[in-house]
Every structure is written in structure tokens, then in C-alpha cells.
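Residue numbers (the working numbering): 95 to 1211. Note that beta-carbon positions come from the ideal geometry of N, C-alpha and C, so glycine has one too.
This is how it looks when you write it as C-alpha cells:
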């Protein structure tokens, strides 16, 4: 055998994939010889002169004689071009044969059978399709020149030619429209390569119609050309009737855009929209035409002229053109191939069967293996294609062509010469083998006896001839024969492979066959067989692939987790998701880092991936597909008990599940208890779910929610999140409110604050779906007030303020006076955090007054707590301790209650007292308060409250100079606060830890940590204690010798201290300013700053600072 080029030349039918689209308008024949009018709505023939259809009542239009636009009867001028309409003529009825009135009449039997078999499963689905419009150019002038019967014959012949090409690629023509047609690919017959099929069909139509035009030009001087337009998008499939006509509704402007592409095309040309071009680009040559406006779209659509199919382009070639991702996670598979190859080089033929899902990397594995073994081998590939199962010997013919170096455009003479040369090494057998192979390649065999053979006899001799060619060739040089995608293999090729595998041991041939799990390979078992089952790559390899696809060194953790969850180690899915993120602007690169432009959870499944999965689902039996779709609404994992409650396939359900397990779409979960299943791929669930109409999804979600309430009635708390999910999507709003509130309260109790807020917001949104009544208003108030703790802990002050303002408005409108006191309590908290101490103190005192009047302990707790916190912030530490001690007295015996606050107020009061006692110089009293608070926290087991105690403990130790202890406790609590998203405590803990770092000489770490606290507070738009954060950051810079940076932070700290009247932090900041001046050699300036700090410290009783100031002044002299 001769050696082909690296990829060889493809068989003429190798077209990988195609798609056909449709058209939305009709150019009816305009002929003065025909005066009747066909209704555009119901297609009933009406009497001449009527203005409305006599069957359905629709308005009948006439056509403008100048531009051909449709115009309502009775108008004097054309609204499109302004021409007078005196000469306007009614649109003529379509001239096509009655054969084209019903799809049943013109659809081939094998396609009709597939459509009718699956029509129930398809009805009411959302499908990704490609729509092809075809329209005869200048048909009006043609029809005016010819007799109606001639027009009839001419258009019928054109339709027959177009139909043949559409059906060859398994597209369907839903209807003929006057002088054109609309065809669909991807529905009702699903194909993962619908766009490529449409493009191939369009090119085939262009070619065959070109020959028809030449014929008409020569015989009748008629210039017959057709414009073709193609677009890809969503449609909703409706009912499919016995006549095969499919109702559908375009989602968005799928068909409108296809029609616009057809209008844009020059006569005889094909124009495709960008959505189709992206899918076919690797396999076809196109020419950009620029962006064009499309009715109903806000932005122009990029259009391309389709020129030709590119020869020999495989799926792997297409991916390689965009850059191959790293080859990872396949060392074992590659080693298996190498071991089999070692046997072949010793003269012992081997067969390797490579099994794996679409996109798992079968072709890439062979690509890498070929690179590994080099050029010392004859490597010949044959590809089975999705529309090639009716083409006998398709992959075998491909192999022969590639072996002989035959190109698609070669003449018959050149093919004969190449075959003759290619078999010459066979000697005496060459002539007989040559004749049989030439017959198989559809050229003159050169021996009449071959054509005269009985078909069965001839097929057997063809197989024998190929065996001889292979066996003899392998004695000259080892051969690798590759058959890709055997799940699409034709019967003749499969029989050939069966016979080849039986004779392999005597040849130096490595046969490699790849296929998907749906294929039950019929080759049996032999000792010289090897099997490779490709599994998903692991998380590390998956991340490596996505990073390489996006061209970045690191991925945000949220994005990495989301992609891993969707693609689940499938390399093709990983690459496509990565590219889609980039193309849609969902991610962008800033300073070498990848930044999410939208939430990772909103990432959608790329169309290329959807098509692969949707095609597989559509090949399932009706009951199996309905089972998958229903299960997809339940979730990635689904219990049999639930599925039985909501499925309408009771008798067929378990049989369907067994088959779905066999073909590995789902797995049965292990363990004991109730029977559960899980989708093998999360994307399978996504695509199955997306195929359902929204109305059907709503119905199923509502049923599933009700089923969960029944099946798990005794333990609903474990299922609240599921119930919220299903009832929200099922729009059962009262149940959404009930279960979302339970879920929020559970999350808040565990300090999972982001989830708590999320569920509270879901409950509020559900409440908004109902009319406002006193009952719904009260529920809305309660929900908003309950958001206080989780929003506060998360540092989200402004959203919290908005929710309380809404609650105040509802309370005022509906006379719920007691709620106003709770709102006042919140306003203390809010104004303290925003750095408004006067307002905070005012509302705090108001709370105490209202609490005394109403004997409301909860209101008194809030008042005392935030009066203490505000006094502490402004440096009035004696008063802060007094309010904290008053609160501790109130809470005697109730140490473990929260009273609506984020943490336990008892342990919180101990922490406040400890902080202020430390600032007053009473370290012993401060540590005693810490221990008192810790005892309460340990008994209650409340995480947030424990963090509050640890933050203040670290602060007290740092102030006391016990720096190593402060660092140990501080590092632990800061890590906890980051993990649990305790925003406020993170800021305070970071400052306490940074103070200890700076004192230990770890200046840069101190500055970075204090800087992180400032950034977090900026995010929350809070300002309390900001002067402390800046002074601590400045201390870090001083310790690192970065005096200019330290001076900038001191200036910012003083600005905040003065603006927010934080006298205590002003004192500390002025002390740091003195340190900076002293380091710069400005002793006078240093003395002035420290003296001012000492004055404030003396006024406020801040003994630790006072002692530092006195020591500094003594040193300065």
C-alpha cells in the first residue's frame, strides 16, 4: 500500500455535519393569466375580486406591480415604494404540484417512519435547529413569460431537485411557499451536526440547481437562480400531524433572521447568519459580508457567504485549527496502544476498541498515538458519519481513497491511474483486485465481468480484494487502520470489519475502532483484542485544560468549580465552555488575571455541546426520553419514589430506567434505603431540562414539590431547599414563602448568611406575587426584620437599611406600631456602623425610653449594646463599660438568647467591656470579661459569638504586650471570619492582629492585613473605627520603614477621626504621626504630635496610650 499524506483526502461524502433552516414569508407567483387568490393563512383558493378569505376570513393582499410588495386591497398607492396601484394584480396561487401540499407526500418513507415514531416525544419541546430558506430569484418575470403549465413543470422540477438534497442530509421540508421552501435541520429529526448538514445541503442544492439552470438556459433561455439563507436558533416544536407537518414557534427571531439572509443573497448564492457560521466555520469556507440590520433585533447581524466545504477536515482538525488543549490524563490509554503496536511490529495483528462518550477524547488519543509512533507506518483512517449509515462501505471507500491519494475533484481517468499504480505491487493478483476496487470507487472497472456478477458474489469478492491489498501491504510495512465513530457505521463496512478481525493474526495490522456507548460492537472477543474505556479527566487535568483554553495561569475558584460541575471531565465540553465564556464576554482578562463579568452560576451550555447531547436524547425511545425529561426536573439526583409520583409512565418506568442505566445515561446510586439514580453527566440533565416548554416545567415542578411534601412528610426540614426550588419554579407562591422562610432561618442559625439572605429574598419575591393585604404586609415586615442578623454579619449595611425602610413603610401604612420600635433598634446599629455617633446615641436612648415604657427587654438589649459600642468607638470607654455592665445585669439567666441580634448579646457585652477596659488599662478586668463571655459562648455553641470573643481577646492581649499569644488567637479567628464571611469581625480581628504583627516587626504583613480590613469596610460603605484601621496600617508601614506610605495613612486616619468624632482613635493616630516624625528626624514635630495625643488620652483615661506618650516625650527630651 502507498502512504497517504498525514490526514489524507476524504471520501466525497465526508461532510461531518449539516443543517437546514427555513423561511418565514412567501413570494407567490404573480401572473396576469391567473386571477384567483390563494389565502396566505389557510391556503384556500378564493374567487377573483374578493377582499377576505371565504374560508377563514383573513385579509387578501394584492401585489404592487412595481416592487412586488403585498398591499391590502382598496389602497391607491404602495406603502413600500409609493407606486400607484391601478395596475396592481392579485397574488397568484402557488403553481406547485399537489404532491407538495403535504409533507407526507414528499418525505421519504424511512424519514417519515422516524418522525412518526418520535413525534409524541418531540411535541412541546424547545429545540436548537438550523433553518434554511430557498427562494427563486426573478420568478415573477419567468412566470410572465411562460404558460402556467410550463411554470408548474419548471417549479416542480426545482422542488424535486432541492428535496433530494435536503432529504439526503435528513432535513425536512415543512411546507412549500409559492416559489420557495423552508426546511429544518435538527427537528423533527435531531442531529448533533444540524448546522453542518444544512450547509452541505445548501451547497448541494446550489450545485444541482446550477446544472438545472444551465439546462434551462440552453433550452429556453431562462436564467433560473435560487437564493438561499441559513440561520441557527431555538424553536418550540408543536404538534406533528399524521401528514408530518410540524407546527413550531420560533424563539426570538430564528426564522426571521434566516429569511433576511435569503433576501440578502445574490441570485445563486448562499448567505448564512453568524449563529450558523460559528458552528460550521471549521468545515466550510465563508466570506464575510459585514453586519446587516434584521427586523426585531436591536443590533445588526453579521452575515457570511457560504462558498464551499473544506476537504478532509475532521472534528479534531477543526479543534486543532483553534489550538489543541493540553493532552492530560490519558497516559494509561496511550500505553495500551503502544503495547498493542509492539505486537503488530512483531507481525501479530491486533485490534483495539476505544469506547467513550462524545467529546471524551477518542480522536485526540489517536492523534497523540500517531505522533508517538512517527512515520514508519502506513496510517489510514476511515470516518463513519452521522448521515452515512445508508452509504455502503463508506469508511472503507474513504480508506481506499486516502491510501491511493485520490481527491474529491479528481477525474475518472486520474482515479483509474492512481488505483492502477497503487495495486501494482500485488503482481499477478493486481488486475483482479484493481477491477473490483475501481467498481467500489464508482469508476469503470475495466472488466465487464465485475459488473455482471451477482451482487452478493461481487460484495464478497470486493471484501476479499481489500483483504489481499491489506495483508500484502502489511508485509511491506506495518499498517494502522482506524475506523472512527463506529456507532454510525453502515452494514457493509461492519461486515468487512468482522471478517478483517478474524484474519488479523496473520497480518502486521493494528485495527483501531472508536465508538460511543450506544454501540453494541459485534466483533466478539479474541486474545488479540484490547479495550480502552476512556473516563473523564480528573479535576486537576480539567482545570489545566480550561486554563489553557482561556490562556490564563489561574482560574477563580468559583469559576473552576462551576465548569468542573458542568463538564465533569469531558475535554470537549471543557474546551467549548471555556471558549463560550470568552466569546460571550462572561469572562475577561485584567492584568493577566481572569475576572468574572457575570455570576458563574449563570453560565449556559454552549450550543455545540447542547447539539451533541440533544441528538442522543432524541434517539431514545419515547418512554425513555420522557423519563429523562421528567427526572431532569427533579434534579441531578432523583429518587424512584418521587419519579413514580410525577411520571405518567407507571408501567414502563422501571423498564425505561433499566435501559437508561444500560446505555449509561444514568447510574443507580449505591447504599441502602430508597432507590435513587443520578445523571452520569450534569449537562445531560441541563439539556433535557432545557428541551421542555416552560409551561411543562412549571407543571412538573409544582407536582414534584407536592410529592416531596407527601413522601418526606416526617422530615421536611431536611428538604426545605428542594421545596423552595420546586415551588418557586412551579409558581406555587404561598408554599414558596413558607418553605423559604424555614430555609432562611436554618441558614441564619448556622451563620450561613449569604444563603439566609438568598432565601429571605426569595420569600419576599414570592410575597410580591400576591395582592397586598394586612396579612401579607405583616409577613413582609417580619421577613425584612429577620434579615437584620445575616445582613449585618455579612457587612451589607445599605441593603439592610433599604429593607428596614420598606418595613417602616409597610408598618406605617398598616398600623403595626410595635414594629417601629424594632426599626429604631436597627437604626442605632446602622448609624453606629456608618460613623454617625450622634444619631446612634440618640436612637439608642430612644430605644431605652421605649423599652421602659413597654417593658420590652429585647429593645432594651439593643439600646444598651449599641450605646456601649458607640461610646467605645468615640473613645468614651468609661461610659462604654457602664452600658455593657447594665446589659449584663439585664441578661442574668438569659445568657444564651440572641434577641434578634447577630450574636449573643451577653457574650457581646463581655467583649465590649473587655475592649474598653483594655483601653483604660485594666488588663485583668478585661481578661476576666473575656472568660465570662467565652463560658456563655461555649455553652450556646454559637460560631459568630465565639468569633466576637476571640477578636476581642486578641485585642486585649496585643494591648497588654502579650504579642505571641495575640498572634496565635488572632490568626485563627481572622481565618474563621474569612471562611464564614463574618465581615465586621474580620475587620476588627484584622486590626488587632495587625497591631501585634507591627509590634513584632512584621510590618508588611501588618500593613497588608489592615489594608484588607479597609477594603472590606469600603465594600460595606461603613466608616466606624476607620481611623483605627488607618493608624494600624500606618504602624505596619513604620515597622517596614515605609514612612511615606505611613504618613498617607495617618493623614487619612485623622481625616476620618475628625469627620466621625472618634476622639480615642484620633489620639492613637496622632501618636503614630509622632513616631513617623521622629523617624524622619523632625523631633519638634514629633513632640507636637505626641503631646496632642497625650492630651486626648489623659482626657479619656486611656492609660496604655498615655504611658506610651509619656515615654516618647521623655525620649524626645
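I'd like to confirm something about residue 1082: is its beta-carbon nearer than 8 Å to some heavy atom of the ligand ZN, or not? Absence of the ligand ZN is noted for the structure shown, with no ligands found whatsoever.
Segment contact flag, the stretch 987-996 with the stretch 934-947, C-beta cutoff 8 Å, min 3 pairs: A contact is defined here as three or more CB-CB pairs under 8 Å, and the stretch 987-996 fails this definition with respect to the stretch 934-947.
Residue 357 and residue 321: beta carbons closer than 9 Å? Cβ atoms of residue 357 and residue 321: closer than 9 Å.
Are there three or more Cβ pairs, one per stretch, closer than 8 Å when the stretch 1086-1096 is compared with the stretch 1125-1134? Segments in contact, yes.
CA-CA distance, residue 353 and residue 887? Distance between the alpha carbons of residue 353 and residue 887 is about 56 Å.
Identify which residue in 224, 318, 228 has its Cα closest to the Cα of residue 245. Answer by Cα proximity: 318.
Reduced DSSP secondary structure (H/G/I, E/B, other) of residue 128: With a pLDDT of 31 at residue 128, under the threshold of 50, the predicted position of this residue should be treated as unreliable, though the coordinate-derived value follows. Residue state, collapsed to three classes: coil.
Comparing C-alpha positions only, which one of 253, 315, 268, 226 sits nearest to residue 235? Minimum Cα distance to residue 235 is reached at 315.
Alpha carbon to alpha carbon, how far is residue 1036 from residue 967? Give it in angstroms, no decimals. Approximately 25 Å between the Cα atoms of the pair.
Does the separation of the CB atoms of residue 622 and residue 779 fall below 9 Å? Contact: no.
Cutoff 6 Å; reference residue 578; Cβ partners in own chain excluding five residues on either side: For residue 578, where only same-chain residues beyond five positions count, the Cβ hits under 6 Å are 477, 608.
Would you grab the beta carbon distance between residue 289 and residue 326 for me? Rounded to a whole angstrom, and I think it's under 8 Å. About 5 Å separates the two Cβ atoms, so the contact holds.
When you compare the CB positions of residue 1057 and residue 1084, do they come within less than 9 Å of one another, or not? Cβ distance not < 9 Å, so residue 1057 and residue 1084 don't count as in contact.
What are the start and end residues of each continuous alpha helix (DSSP H) run of 4 or more residues lying completely inside the stretch 1093-1143, in chain order? You should have 1097-1114, 1120-1133.
Just to confirm my understanding: we take residue 1205, look at its own chain, exclude 5 residues before and 5 after, and list those with CB closer than 7 Å. What are they? Closer than 7 Å at Cβ, skipping near neighbours: no residue.
Alpha helix (DSSP H) runs wholly inside the stretch 995-1019, at least 4 long, in chain order: Restricted to the stretch 995-1019, the alpha helix (DSSP H) segments that are unbroken, complete and at least 4 residues in length are 999-1014, listed in chain order.
For residue 1279, the nearest candidate out of 788, 753, 746, 730 (CA to CA): Summary: the structure shown does not reach residue 1279, with the chain confined to residues 95 through 1211, and so no result is reported for it.
Near residue 894, what residues of its chain come up, given a Cβ to Cβ distance below 6 Å and the 5 sequence neighbours on each side ignored? Here the set comprises 885.
What residue from 259, 258, 278 has the CA that sits closest to residue 267's CA? For residue 267, the nearest C-alpha among the options comes from 278.
Sequence-distant residues of the same chain with beta carbon closer than 8 Å to residue 646, five excluded per side: Closer than 8 Å at Cβ, skipping near neighbours: 683, 686, 687, 688.
Pull up the distance between the alpha-carbon of residue 511 and that of residue 504, whole angstroms please. Just so you know, the alpha carbons of residue 511 and residue 504 end up roughly 11 Å apart.
Taking 7 Å as the limit between beta carbons, can you name the residues of its chain near residue 1177, skipping five residues before and five after? So the list reads 1210, once near-sequence residues are dropped.
Within the same chain, show all residues whose beta-carbon is closer than 7 Å to that of residue 882, passing over the 5 residues directly before and after it, in chain order. The residues are 894, 920, 994.
Rounded straight-line distance, which links the Cα of residue 631 to that of residue 662: Going by the C-alpha atoms only, they are around 8 Å apart.
Element boundaries [alpha helix (DSSP H), containing residue 691]: Run containing residue 691: none; DSSP gives neither H nor E here.
Assign residue 268 to one of three DSSP states: helix, strand, or coil. Residue 268 falls in the strand class under three-state DSSP.
Buried or exposed for residue 1163, please, with buried defined as at least 16 other CB atoms from any protein chain shown within 10 angstroms of its CB. Buried: at least 16 other Cβ atoms inside 10 Å.
Alpha carbon to alpha carbon, what distance is there between residue 1141 and residue 1120? Cα-Cα distance, rounded: 16 Å.
Close beta carbons around residue 654, own chain, < 6 Å, minus the five adjacent residues each side: Its chain contains 637 as the residues whose beta carbon lies nearer than 6 Å to that of residue 654, once the 5 sequence neighbours on both sides are disregarded; these appear in chain order.
Selected residue, minimal CA-CA separation from residue 942, among 918, 614, 929: Cα-wise, what sits closest to residue 942 is 918.
Please classify residue 401 as buried or exposed, where buried requires at least 16 neighbouring CB atoms within 10 angstroms. With fewer than 16 other CB atoms across the displayed protein chains lying within 10 angstroms of its CB, residue 401 is exposed.
Quick check: what's the CA-CA separation for residue 306 versus residue 486? So the alpha carbons of these two residues sit roughly 28 Å apart.
Coarse secondary structure for residue 682, derived from DSSP in three states: Of the three classes helix, strand and coil, the one that applies to residue 682 here is strand, per DSSP.
Within its chain, find whatever has a CB closer than 7 Å to the CB of residue 1011; leave out the 5 residues flanking it on each side and keep chain order. Only 975, 1019, 1020, 1023 meet the Cβ criterion.
Use the C-beta contact count for residue 337: other C-beta atoms within 10 angstroms, 16 or more gives buried, fewer gives exposed. Any answer about residue 337 is weak, because its pLDDT of 46 lies below 50 and its placement is not dependable; what the coordinates show is given next. Per the 10 Å Cβ criterion, exposed.
Spatially closest choice to residue 709 from 1196, 223, 1202, by CA coordinates: Selected option, being the one with the closest Cα: 223.
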